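Engineer:
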Amino acid sequence: MTVSVESTSVEAGEAESTHTLRPHAEDAFAGELAALAAQDDRPRPARWKLSPWAVATYLLGGTLPDGTVITPKYVGPRRIVEVAVTTLATDRALLLLGVPGTAKTWVSEHLAAAVSGDSTLLVQGTAGTPEEAIRYGWNYARLLAHGPSRDALVPSPVMRAMADGMTARVEELTRIPADVQDTLITILSEKTLPIPELGQEVQAVRGFNLIATANDRDRGVNDLSSALRRRFNTVVLPLPESPEAEVDIVSRRVDQIGRSLDLPAAPDGLDEIRRVVTVFRELRDGVTGDGRTKLKSPSGTLSTAEAISVVTNGLALAAHFGDGVLRPSDVAAGILGAVVRDPAADRVIWQEYLETVVRERDGWKDFYRACREVSV
Amino acid sequence: MASAVGRGAGAGPLLLGVRHHGPGSARAVRAALEEVRPRVVLIEGPPEADTLVPLAADEEMRPPVALLAHAVDEPGRSAFWPLAEFSPEWVAVRWALEHDVPARFIDLPATHTLAWGRQQDEAEVVGERPLDAEADADTAEAEAAGDTATDPAAGDTGPVPTPRSAPDPTPDSAPDPDDVRIDPLGVLARTAGYDDPERWWEDVVEHRGAGKGDALAPFTVLEEAMAALRETYGSGGHDRDLVREAYMRLQVRAAQREFEDGVAVVCGAWHVPALRQKTTVAADRALLKGLAKVKTDMTWVPWTHRRLSRASGYGAGIESPGWYGHLFSAPDRPVERWMTKVAGLLRAEDRIVSSAHVIEAVRLAETLAAMRGRPLPGLSETTDAVRAVMCEGSDVPLALVRDRLVVGDVLGEVPSTAPAVPLQRDLARLQRRLRLKPEALERELELDLRKETDAARSGLLHRLRLLGIAWGEPAASRGSTGTFRETWRLRWEPELSVRVAEAGVWGTTVLSAATAKAEADAVAARGLADVTALAERCLLAELPEALPTVMRILADRAALDADVGHLAQALPALVRSLRYGDVRGTDTGALGEVAAGLAERVFVGLPPACAALDADAAEEMRRHVDAVHGAVGLLGDAPAAAQGRLRTRWQSVLRVLCARDTVPGVIRGRAVRLLLDDGELTQEEAARLMGLVLSPGTPPADAAAWIEGFVGGGSGGGMLLVHDERLLGLVDAWLTGVPAEAFTDVLPLLRRTFSAYEPGVRRTLGELVRRGPAAGGGAAPAGSGIPGFAAELDQERADAVLPVVRLLLGLDEVAETAGEDLAGVTG
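Residue numbers (the numbering used here), protein chains in the order written: chain A, 1 to 376; chain B, 377 to 1203.
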């Protein structure tokens, strides 16, 4: 009986989600979460929907004893997910670091969905995020009419998460101005949020925690103060481990973007994608693919996301101005733009790379020539 | 369990199966010995070392140390039995010494195991190699080091010895890839559902709290497991183990006859079932029949944690000697103590780590362990916790933790009363062979490197210098400056013997030790110039085996060094090494490649580096340009195809330099001059560039600097001015046009430029200037050819020399044409 009740509720949830463009993680994977919860007999921290072990399984995928297959949400080192989940269980806040395109937001959403069953308590960090977004705001009409009271208070997602013992999320923490960031310190260390206007405070209920994501390689970010940093356990989400995995990610994304931009499909693009990924990886890692030669790394991040945009650009060039085939000359300018961020230092690094690595490589003559043309 | 105790006190010997270098095993062994109190302790190890046991109690003895066995007449053939503080064998030895109980080694004597090595030189990978690749090297380096993991001794002493370096190849030895041996721990771990044997062992044995219940229980359980394995796998591919076990059984029997029940045996867990086995003495004797022998000698040598680690190529090594050492020595709360240690290290490196960090790290590690279903946080949990809490997710500080704590810098010590190390023997042998007596009296030694003995002597002295044994100091050669001559000042100080003993850490022969030292030095070298100097010394000392490592590090340093000055400094030394290598017939192919790569990097980096320099920096950069020019010239002479292009590329770099206004005058002038000397720039073009610089638009100081670069210093620029009066005219015209107020500014520079000329040149120049520009116009005809000379030969004046030339050569009847050729050359 119980099973049938559960399954109908899951169906209802899924039916509802079909109307939205992108359903929340807890809706999209409601079936998996329910199956995990049903079979999870390990101890759960207060107000957690699943045990830490089940949360890790939810993210990494696996097969449950009854045969339910849990799809992997995050493909990467198991260690990372384990540390992240454990951090949340120890009531320390979790900071997910990484360059763009390493699935930080994705991981944080699924963690919140699995732990609290709700991934919507979200503060989006921008350069203009005000303190109210993290603490609380006021309903001014009520404030003027009735004076300060709890009714006139507009709680932030963080405040609601504290009151209900849920997981709050802060996206792009380092984009938030430093003084606003620091309002998190009291919340994370004292686990309370004072409301001096009312002489009250909101105390966090057990189960409250916070997941922040940040990108520490970009320019123009507000570094965390050491006081705030100390409140977080940091997990760095790595870039794809193997070149093959990265080529796969890039070509899949390029394919999706290309279709949405109505670009004609490039028949022989894979070689060029592989090349772009190779160049990015080698410069990023500071060592050539064969592990023989060390290289200087330029100041840019050279993330997978950037490789995707270079290839997409190249495809557009090839489609609109070339013969439709992705050629070295189509990606050369894009690569140069991605690599040379600092005109003086990066240019030397790039030229060194061209002269010492690219020139000697078999089958890279066209690419070398194309790069020389745009570099001069 | 009770039966185990019964066995210990009753029927058979007490067999304590251990894992080498396992702190849990070590603790268990101590507990078991304390409880049973045997009258003799038998330990798996070479029996030749029995006489060395008392040294273990010496005050100066500090683990990690190793028992070193080596063939007496072949010091390169050796085997090591490393013992750390947390090795069960060490614990057993110490316990025996403390309780006045005899301790004996019962493994097959080293005299046989070393002979095995001689028999099959191709067989297995050497367990330990004397060189110690830095454990902190990144993966690529570690792999490369693995590739070159051939024993350096192989170079001159022939076959490499193959005995395992650990007391045996039991549980902990990782299976060699091309080996059919089974890995007993791996099998047990897989059976228990672990994918990592190391972790399984940690959970089951190392992390068990000590002192809970029966001290012998762990050994019983382990023995049962191993017995099951041995039943299934037999010797598991470890064929030699059968022989060793036969020997051990005989020894155990002998001990039992002597001490009856009070016999305890500490050996690898893998051997326990075999020692328990009932066999006949005759059968065991039969197995041992006809084993080959070599004359061996044993001693204690200091060891390091780094060399215990698997990363250093030690077959039976462990991943984390430092961590194990900590587990063994920490009285309680190992995780808390470990985190405090880590925090201390990070603080010492100026990272902000508070006590709150330590608390959180401990909490995270414990929760992680719970989540992973482990009884206690292991190394992986603590490492994850340190990374997330103390290192902000970064692997960089973590690498430091791994290097300093997880592996550790611990260096063992051996009392001075320990027998001589094989390196001393090898040195004595070489001294005899090369007839170089160590004498306290200082004397000079002239070496002619073309002679074989002298070349070998030079090699030996250079190698010793690399090892810090300064027996010979190179001195300036008298008379000849040829590269085949060397002069040494020899003097043997008594403390050099101590140095030799210390250098024994690096290897058993002078060659292998010097190679290992050179490689370690390369890894530790700070600057690029240090590495190039080292490469030079490697060539001088004839250490071809060390060169690949040195070259790799050189290439890496060059790639990462952003300072063109450093690169430019390194290049000439490298090119010099290339030429030395040629003299000595060393293969310098790799060196040439690295040099060419270095040159490319200089070419790319030089033009941007020349911009916006002050006077001193510009002068330094000019010296770099000169050095690179010379080096490229030498490199260009090399036959390799890629190097032919270097010269062309260099010339295009020089062109860029001389045309760029932001480049200081002194460098521009020098670039023009170098191009002119190479014939890449015509006289006219040079004059045009000079005119451009000396035109009134240029600040006088700049122009003076340009002149300094163009004709200054010892570059023979004076002669150029003497012979090309057009250039002189330009300088003259400019100088007279310099305004009075600017003149005092440029005067020091000009004085520096011209005072360096030889008196003769200065006088001629003075006279030319006094004679005035009229003559200058006539001396620069519109032809090509050598600057300062007419296009055609002046036949009449050339003929005038002929009689003298004939007289000099004593060739009165030689044909006229020969004389003409000569005249052409000398003219």
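Think of the CB as a built atom: it goes at the ideal place given N, C-alpha and C, for glycine as much as any other residue.
None of the values given here were measured: they were computed from a predicted structure.
1) Report yes if the CB atom of residue 238(A) is closer than 8 Å to the CB atom of residue 198(A), and no otherwise.
2) Can you pull the chain B neighbours of residue 344(A), defined as C-beta to C-beta under 7 Å?
3) Across which residues does DSSP place residue 849(B) in a beta bridge pair?
4) Span of the beta strand (DSSP E) holding residue 647(B)?
5) Just tell me which of 1120(B), 937(B), 1097(B), 979(B) has its CA closest to the CA of residue 1139(B).
6) For the beta strand (DSSP E) that contains residue 394(B), what are its first and last residues?
7) So, do the segment 274-281 of chain A and the segment 926-938 of chain B have three or more beta carbon pairs nearer to each other than 8 Å?
8) Have a look at 907(B), 1032(B), 937(B) and flag the residue whose alpha-carbon is nearest the alpha-carbon of residue 295(A).
9) Less than 8 Å between the beta carbons of residue 1043(B) and residue 1073(B), yes or no?
10) Would the segment 599-618 of chain B count as touching the segment 626-636 of chain B if we require 3 or more Cβ pairs under 8 Å?
11) Can you grab the Cα-Cα spacing for the pair residue 350(A) / residue 303(A), in whole Å?
12) As a quick exercise: from 867(B), 828(B), 861(B), 787(B), pick the residue whose alpha carbon is nearest that of residue 818(B).
13) Go through the segment 389-444 of chain B residue by residue and report every complete run of the beta strand (DSSP E) that reaches 3 residues or more, in order.
14) Counting only beta-carbon atoms, is residue 145(A) nearer than 8 Å to chain B?
15) Regarding residue 754(B) and the ligand MG, is the C-beta to nearest heavy atom distance less than 7 Å?
16) With three or more beta-carbon pairs closer than 8 Å as the criterion, would you say the segment 137-153 of chain A touches the segment 88-108 of chain A?
17) Against residue 226(A), what residues of chain B qualify as contacts under a CB-to-CB distance less than 9 Å, listed in chain order?
18) In the DSSP output, which residue or residues are listed as bridge partners for residue 62(A)?
19) Starting from residue 625(B), find everything on chain A with Cβ-Cβ shorter than 7 Å and list it in chain order.
20) Quick one: give me the first and last residue of the alpha helix (DSSP H) that residue 471(B) is part of.
21) Determine the DSSP secondary structure at residue 1133(B), reduced to helix, strand or coil.
22) Residues of chain A with CB closer than 7 Å to the CB of residue 1028(B), please, in chain order.
23) Using 8 Å as the limit for Cβ to Cβ distance, is residue 669(B) near chain A?
24) Applying the criterion that 16 or more other CB atoms from any shown protein chain within 10 Å of the CB defines a buried residue, is residue 897(B) buried or exposed?
25) Using a Cβ cut-off of 7 Å, which residues of the segment 345-360 of chain A contact any Cβ in chain B, in chain order?
26) Nearest by alpha-carbon distance to residue 259(A): which of 319(A), 283(A), 206(A) is it?
27) Buried or exposed for residue 52(A), going by 16 or more other Cβ atoms inside 10 Å?
28) In angstroms, rounded to a whole number, what distance separates the CA positions of residue 188(A) and residue 228(A)?
29) Count the other C-beta atoms from every protein chain shown that fall within 10 angstroms of the C-beta of residue 246(A), then say buried if there are 16 or more, exposed otherwise.
30) Provide the residue(s) that pair with residue 154(A) in DSSP beta bridges, ordered along the chain.
31) Using a C-beta to C-beta distance shorter than 7 Å, which residues of chain B count as neighbours of residue 52(A)?
32) What's the C-alpha gap between residue 1062(B) and residue 1036(B)?
33) Using 8 Å as the limit for Cβ to Cβ distance, is residue 579(B) near chain A?
34) Which residues in the same chain as residue 287(A) place their Cβ atom closer than 8 Å to its Cβ, once the five residues preceding and following it in sequence are excluded?
35) Does residue 1038(B) pass the burial test, meaning 16 or more other C-beta atoms within 10 Å, or should it be called exposed?
36) Just the chain E side, please: which residues come within less than 8 Å of residue 903(B) by C-beta, in chain order?
Structural biologist: Working from what's here:
1) no
2) 984
3) 865(B)
4) Residue 647(B) -> no beta strand (DSSP E), and no H or E assigned at all.
5) 1097(B)
6) 390-394
7) no
8) 937(B)
9) no
10) no
11) 16 Å
12) 867(B)
13) 390-394, 416-419
14) no
15) Summarising the ligand content, the structure contains no ligands, and the ligand MG is consequently not present.
16) no
17) 728
18) 70(A)
19) Those do not exist, as residue 625(B) stays about 46 Å from chain A at its closest Cβ, beyond 7 Å.
20) 464-474
21) coil
22) The contacting residues do not exist; residue 1028(B) stays about 12 Å from chain A at best.
23) no
24) buried
25) 348, 351, 352, 355, 356
26) 319(A)
27) buried
28) 8 Å
29) buried
30) 137(A)
31) 747
32) 15 Å
33) no
34) 293, 294, 295
35) exposed
36) Absent from the structure is chain E; the protein chains it does hold are A and B.
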